[in-house]
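In the working numbering, the protein residues as written are 28 to 471. Every residue, glycine too, gets a C-beta built ideally from N, C-alpha and C. Single-structure report; data block below.
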Ligand code: ADP
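See below:
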């Protein structure tokens, strides 16, 4: 059995694929595991990989449920003795007020019997930065960014020290900009100083790639790190320097990476500005698009037989098909009000829409050939991955930062792209569709 270098537990599937893609881009053989497999499944799948990222869908769970799930994932991962663990969450710190993030960090520290870790949500390559504990998205405070309108986790407090302190029983502090600017050795000492002052989790300021390099050097010996996918950009080079990467290969036979001439199915449940622009781009390029109103999905008003025949016809002709519930902020609000009047809380409504969309995807895919699948939206991807019993994904290189080309090893073996709602330029789908046709070339 080979030892893992790195193991992470992510709070949603697109976040997991974001981190996994960063690692694969640095030539690490990386596996993305969905949910909690059995011990035997996990041992089989993970053999020969250098990094495993587990997607545990804890973002919208209660703190107790998030803690329990994280503990289960950590126990499986510990069987492969990774040198470094990460709790991965979104670079916009998406969380409910009572929070999954604090609960998952608590669970990991408890499990590893550690007293200190850092929290680095920043991801400069995507314009997510932190200064004096305040978090920014493309130069806007988090609370003034489009994240304030997120359907499930509206982010209205940019002060991360305060926000995280509400989510954990542990003491939260700040590794400030000045500490980071002092360089890696000094920052490492600052972490020790904070630990001896009784701080258990230090939010770390980070404004650019130079800071990221310093932070990764200063934290490379920590048993647990927490934060965004930024670690995946810088840490692999340090592991290589230290000779921490195993060189054995098993299980990574490229002959299983097969593609066909059918069209691809694109599913968009994200209502982010980026996804809305990407949907419009694809439509303007002549792809078939069906925008389904959530009420139709949830009331069972769809004529699924006709719909499936329409989609199958397009896919068989090699044309791509976009199936979406994407809507404007005002439309989302109207749907949420309708949900509330039908006793559906906002999280329950979001989950129901995602599950209904996933059921439809399953029905479409179950009896037709498909070139590949692209899913836009974290929760939407989570629902689709589970409904399609993906199990584990072999992770290839990034199509754009944060979005790798993956290959499903589960029930439906095919190229898959999971995109966080906010990610990608307007023409992202075009790039992803091209990558799908060259899937084998993206594999490590
Ligand atoms: P993102 O990555 O942008 O956060 P998610 O899929 O995680 O995307 O979240 C979007 C949420 O909004 C999901 O729960 C989805 O089911 C829900 N949703 C999708 N379409 C609509 C709509 N038209 N009205 C209300 N909620 C919607």
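Confirm the yes/no value for this check: CB of residue i, any heavy atom of the ligand ADP, distance under 7 Å.
i           : result
residue 404 : yes
residue 381 : yes
residue 231 : no
residue 453 : no
residue 179 : yes
residue 429 : no
residue 407 : yes
residue 449 : yes
residue 299 : yes
residue 316 : no
residue 92  : no
residue 354 : yes
residue 359 : yes
residue 321 : yes
residue 377 : yes
residue 363 : yes
residue 42  : no
residue 302 : yes
residue 296 : yes
Does the Cβ of residue i lie closer than 7 Å to at least one heavy atom of the ligand HEM?
i           : result
residue 260 : Of the ligands this structure carries, namely the ligand ADP, none is the ligand HEM.
Using the rule of at least 16 other Cβ atoms within 10 Å of the residue's Cβ for burial, across every protein chain shown, is residue i buried or exposed?
i           : result
residue 295 : buried
residue 442 : buried
residue 66  : exposed
residue 124 : exposed
residue 332 : exposed
residue 438 : exposed
residue 14  : Within the shown structure, residues of the chain are numbered from 28 to 471, placing residue 14 beyond reach of any answer.
residue 193 : exposed
residue 83  : buried
residue 159 : exposed
residue 270 : exposed
residue 52  : buried
residue 227 : buried
residue 183 : exposed
residue 452 : exposed
residue 357 : exposed
residue 355 : exposed
residue 466 : buried
residue 408 : buried
residue 323 : exposed
residue 446 : buried
residue 205 : exposed
residue 121 : buried
residue 396 : exposed
residue 312 : exposed
Less than 8 Å between the CB atoms is what I'm expecting for residue i and residue j, so what's the real figure, rounded?
i           : j           : result
residue 419 : residue 436 : 5 Å
residue 33  : residue 250 : Contact doesn't hold; Cβ gap of about 12 Å is too wide.
residue 272 : residue 244 : The Cβ separation is near 17 Å, so there is no contact.
residue 406 : residue 381 : 5 Å
residue 231 : residue 207 : 7 Å
residue 38  : residue 131 : 7 Å
residue 187 : residue 156 : 12 Å between Cβ atoms; not a contact.
residue 290 : residue 341 : 6 Å
residue 4   : residue 147 : This structure gives no information on residue 4, because the portion of the chain shown stretches from 28 to 471.
residue 44  : residue 63  : Wrong, their Cβ atoms sit about 18 Å apart, outside the cutoff.
Query raised in the report: Any contact of the stretch 382-397 with the stretch 405-413, i.e. 3+ C-beta pairs under 8 Å?
Result: Output reads yes: the stretch 405-413 touches the stretch 382-397.
Query raised in the report: Touching or not, the stretch 42-60 and the stretch 419-426, by the rule of three or more beta carbon pairs under 8 Å?
Result: Taking a cut-off of 8 Å on C-beta distances, the stretch 42-60 touches the stretch 419-426, as three or more cross pairs fall below it.
**Report entry** Given 8 Å, three or more beta-carbon pairs between the stretch 161-173 and the stretch 134-144
**Finding:** They do not touch, by the three-pair rule.
Report task. Check whether the stretch 73-80 touches the stretch 208-225, taking contact to mean three or more Cβ pairs, one atom from each stretch, closer than 8 Å. Result -> Flag = no, the stretch 73-80 and the stretch 208-225 do not touch.
Query raised in the report: Are the stretch 252-264 and the stretch 298-317 in contact at 8 Å, needing three or more beta carbon pairs?
Result: Short answer: they don't touch.
Query raised in the report: Touch check for the stretch 348-364 and the stretch 251-260: three-plus C-beta pairs under 8 Å?
Result: Look at the beta carbons and you see the stretch 348-364 not touching the stretch 251-260: under three pairs across the two are nearer than 8 Å.
Query raised in the report: Would you say the stretch 84-91 touches the stretch 138-153, given that touching needs at least three Cβ pairs under 8 Å?
Result: By the C-beta criterion, the stretch 84-91 is judged not to be in contact with the stretch 138-153, since fewer than 3 inter-stretch pairs fall below 8 Å.
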